[in-house]
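> Per the working numbering, the sequence shown starts with residue 181, numbered consecutively.
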Amino acid sequence: MKEEQSLVNYERGGFRTDLSKRILEPEEIITGEEGEKYANRKDDRTLTYSMVARDIVERLGMNERSRVMEVCCGSGQLAHFLREMTGAYIVATDGGKELVDAATSKYGGEGIEFRQLDVHGATDGDFDFVICKDSFHHFTDPVQSIKDMFRLLKDGGKIYIFDLVRSCDPEQIDYRQKVMQIDAEAKRFLQSVNASLTPEEMKSVAIGSAVIDVEVIYPMQYSEDNIEEHKEIIERDSTKEYLLDKLFAVYILTKKI
Ligand SMILES: C[S@@+](CC[C@H](N)C(=O)[O-])C[C@H]1O[C@@H](n2cnc3c(N)ncnc32)[C@H](O)[C@@H]1O
Numbered sequence: 181m182k183e184e185q186s187l188v189n190y191e192r193g194g195f196r197t198d199l200s201k202r203i204l205e206p207e208e209i210i211t212g213e214e215g216e217k218y219a220n221r222k223d224d225r226t227l228t229y230s231m232v233a234r235d236i237v238e239r240l241g242m243n244e245r246s247r248v249m250e251v252c253c254g255s256g257q258l259a260h261f262l263r264e265m266t267g268a269y270i271v272a273t274d275g276g277k278e279l280v281d282a283a284t285s286k287y288g289g290e291g292i293e294f295r296q297l298d299v300h301g302a303t304d305g306d307f308d309f310v311i312c313k314d315s316f317h318h319f320t321d322p323v324q325s326i327k328d329m330f331r332l333l334k335d336g337g338k339i340y341i342f343d344l345v346r347s348c349d350p351e352q353i354d355y356r357q358k359v360m361q362i363d364a365e366a367k368r369f370l371q372s373v374n375a376s377l378t379p380e381e382m383k384s385v386a387i388g389s390a391v392i393d394v395e396v397i398y399p400m401q402y403s404e405d406n407i408e409e410h411k412e413i414i415e416r417d418s419t420k421e422y423l424l425d426k427l428f429a430v431y432i433l434t435k436k437i
């Protein structure tokens, strides 16, 4: 698989992948004008925030008593759905001020607050769950990043990471980039895939950060609730991103007691 993969590469917007190794993107907190644009962008993703939120709620058993920290929350959609679905207490954070401001004005309210925080500067917390969606691939030091997130958890708490998978079937990468009409977006997508970890790499990272348990799951194995709740989206979806069953993975890491 590995050898075959290194031969299959894609080029878009001047970036050529080399999927045989991790090529880092700059670890970027999105700020300034880019932050404002990002907060207002029209998202063409069909693997929607509410689908991922449902996956999180079911897998972690999140409920109204849960205390949840989201890191790298962008403009707050996922946190909003988690709050709506469970009534859990949510603190959602991002390093980008403009994103936090946009999230606060759209979704801030009772039981859900947005704060500016660089995840690497996080202090000790007592959260039940830490969520990190579509962002782990930015981190230049994955072992340290897991430790940074662990500090936010109480003992026995869990981290839920949803991210791209570099070792997925290259055809799924090709399909996704071809669907993207704007070159700059496709380039960003390819860079992100190339910066992402393989499940094997993620397991070594977990061992290096003294995790006792790491579970690897491909997220699009819908539960009945997810299918039922999202039937309409699934039927009218033209991108069919939800069929890309190996392009993303979920990693659930438990903090040692
Ligand atoms: C690709 S976006 C994903 C945003 C959101 N999770 C989503 O799924 O839409 C990555 C986010 O990570 C944030 N970020 C990157 N490095 C960070 C860091 N060290 N601390 C906090 N946020 C960071 C960026 O500001 C950006 O909002």
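By construction, the Cβ of each residue, glycine as well, lies at the ideal position given by its N, Cα and C atoms. Quantities reported herein were computed from a predicted structural model and do not represent experimental measurements.
1) How would you label glutamine 257, buried or exposed, when you count the other beta carbons within 10 angstroms and need 16 or more for buried?
2) Using the Cα positions of serine 200 and glycine 289, report the straight-line distance between them to the nearest angstrom.
3) Output yes or no for whether 7 Å exceeds the beta carbon distance between isoleucine 270 and leucine 279.
4) Between the Cα of aspartate 298 and those of Asp274, Arg245, Ser255, Asp321, spot the shortest distance and give me the residue it belongs to.
5) Just curious, the alpha helix (DSSP H) that leucine 423 is in, first and last residue?
6) Determine the closest residue to aspartate 308 out of Leu423, Val237, Ser230, with distance taken between C-alpha atoms.
7) Rounded to the nearest angstrom, how far is the Cβ of phenylalanine 330 from that of lysine 435, given a contact under 8 Å?
8) Assign glycine 215 to one of three DSSP states: helix, strand, or coil.
9) Can you tell me whether leucine 332 is buried or exposed, with buried defined as 16 or more other CB within 10 angstroms of its CB?
10) Quick check on the DSSP output: what are the complete beta strand (DSSP E) runs of length 3 or more inside the region 263-307, in order along the chain?
11) Who are the Cβ neighbours of threonine 228 in its own chain at under 8 Å, not counting the five residues just before and after it?
12) Determine the extent of the alpha helix (DSSP H) in which aspartate 363 is found, giving its start and end residues.
13) Within 10 angstroms of the Cβ of glutamine 371, are there 16 or more other Cβ atoms? Answer buried if so, exposed if not.
14) Between the alpha carbons of arginine 368 and lysine 217, how many angstroms are there, rounded?
15) With glutamate 166 and alanine 272 assumed to form a contact (beta carbons below 8 Å), what rounded beta-carbon distance in angstroms separates them?
16) Quick one: grab the DSSP three-state call for isoleucine 209.
17) Of all the options Ile311, Cys253, Asn243, which has the alpha carbon lying nearest to the alpha carbon of leucine 433?
18) Measuring from the CB of serine 230, is there a heavy atom of ligand 1 at a distance below 6 Å?
19) Using only the alpha-carbon positions, how far apart do glutamate 183 and serine 347 sit?
20) Between the C-alpha atoms of lysine 338 and valine 232, what's the straight-line distance to the nearest angstrom?
21) Would you mind stating whether serine 255 and alanine 219 have Cβ atoms separated by less than 7 Å?
22) Quick one, are the C-beta atoms of proline 350 and valine 188 less than 7 Å apart?
23) May I have the straight-line CA-CA distance separating glutamate 205 from histidine 317, to the nearest angstrom?
24) Just curious, the beta strand (DSSP E) that lysine 435 is in, first and last residue?
In short, the structure shows the following:
1) buried
2) 45 Å
3) no
4) Asp274
5) Element bounds for leucine 423: n/a, residue is neither H nor E.
6) Val237
7) 5 Å
8) helix
9) buried
10) 269-274, 292-296
11) His410, Ile413
12) 363-375
13) buried
14) 15 Å
15) Given a span of 181 to 437 for the chain in the structure shown, any question on residue 166 remains unanswerable.
16) coil
17) Ile311
18) no
19) A caution first: glutamate 183 carries a pLDDT of 44, below 50, which makes its placement in the model too unreliable to give a value.
20) 16 Å
21) yes
22) yes
23) 8 Å
24) From DSSP, lysine 435 is part of no beta strand (DSSP E); its letter is neither H nor E.
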